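What follows is a short report on a single structure.
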Amino acid sequence: MGLLEQIAECVIRGKVNRDSNYPPDMKGQPGVYELTKQAIEEGIPARDILNKGLVAGMNVLTQRFRDCEIFLPDVMISEKAMKAGMDQVRPLLVAQGVKPLGTLIIGTVKGDMHDIGKNVVAMMVGGASFEIVDLGVDVPAEKFVTARKQNPGAVVGMSALLTTTMPGMKTVIEALKSAIGLDVVTIVGGAPLTQDFANEIGASGYAPDAGSAVIKIKEMLKIA
């Protein structure tokens, strides 16, 4: 297995570094931190370390999460492993002018204080090489509009866990279209939502879970 494939495998397995005890069968072995450092020292381009190592591993993780083969604790451990590599690669990418695939503005709509689902989506999409603008919870429509004006071309993601706050998504979409235009790409998600509801409020896309959100956003932006 090549070095980049090892990095991807460590992201998938959640092996952060040599000192981490998880997973048990990899105890004492190098993790994402050491392997990424080695790749940099060997002169492997930062873009390749990102795409063929870190993101490749995250893509597999996204698919497995969407298919319910792994669960939230697994994702959170792997996110730590991913970060161990990204912290080393990001300065190199910035220096080389490498840009993220896109930007996702995300927040839980006004009146709703739930953030676990939103946080998982932000983590998974960020791991897929997107820049994340997290607006937090209880976000009014005006804040979404302001963030979108500050980040031209960004996808706007909205979360809601309560049926009483779901209508707030339509309010945000209408505000975005009124202030910016009809070409704003939006995606919605949350336990009580359905594709029919997304269609009804005029959302560009709907994702039932974090793994689907990554795939849907790439699809809407026509990113392979």
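If you count by my numbering, then the sequence shown holds residues 883 to 1106, one letter each, in order.
Every residue, glycine too, gets a C-beta built ideally from N, C-alpha and C.
All values reported here derive from a predicted model rather than from experimental measurement.
L983 and L1103 have their alpha carbons spaced roughly 9 Å apart. At a Cβ-Cβ threshold of 8 Å, M1040 and G999 do not count as neighbours.
Bounds of the beta strand (DSSP E) holding M1040 are V1037 to S1041. The alpha carbon of P1022 has as its nearest neighbour, out of M995, E924, V1037 and E1013, the alpha carbon of M995. M1048 counts as buried, since at least 16 other C-beta atoms from the protein chains shown sit within 10 angstroms of its C-beta. Taking one beta carbon from each stretch, the region 961-977 and the region 887-894 have 3 or more pairs nearer than 8 Å; the two touch. Contact annotation, S1086 with V1067: C-beta distance approximately 5 Å; criterion of less than 8 Å satisfied. Residue environment: D901 is assigned as exposed (fewer than 16 neighbouring CB atoms within 10 Å of its CB, all protein chains considered). Two segments are said to touch when three or more pairs of C-beta atoms, one from each, lie closer than 8 Å; by this definition the region 938-947 does not touch the region 915-923.
By the criterion of at least three beta-carbon pairs nearer than 8 Å, the region 1059-1075 is in contact with the region 999-1013. Apart from the 5 residues on each side of it in sequence, T1053 sits with its Cβ closer than 7 Å to the Cβ of A1023 in its chain, given in chain order. Distance between A1036 and G1018, taken at the CA atoms: about 17 Å. As a beta-bridge residue in DSSP terms, L986 pairs with I1014 and V1037. Taking 8 Å as the cut-off, the Cβ atoms of V937 and G913 do not count as close. In this structure A977 is exposed. Its beta-carbon is surrounded by fewer than 16 other beta-carbon atoms within 10 angstroms.
Going by DSSP, I1062 is part of no beta strand (DSSP E) at all; its letter is neither H nor E. Leaving aside the five residues that flank L885 on each side, the residues in its chain whose CB is nearer than 6 Å to its CB run, in chain order, A921. Counting along the chain, the unbroken alpha helix (DSSP H) around R895 starts and ends at L885 to R895. For A963, the enclosing alpha helix (DSSP H) begins and ends at L954 to A977. Rounded to the nearest whole angstrom, the C-alpha separation of F1079 and G979 is 40 Å. Between the alpha carbons of D1091 and P927 lies a gap of roughly 33 Å. Counting along the chain, A938 sits inside the alpha helix (DSSP H) bounded by residues V937 to R948. When the Cα atoms are used, D1065 and Q911 turn out to be separated by approximately 48 Å. Sixteen is the threshold: since fewer than 16 other Cβ atoms of the shown chains lie within 10 Å of the Cβ of I1105, the residue is exposed.
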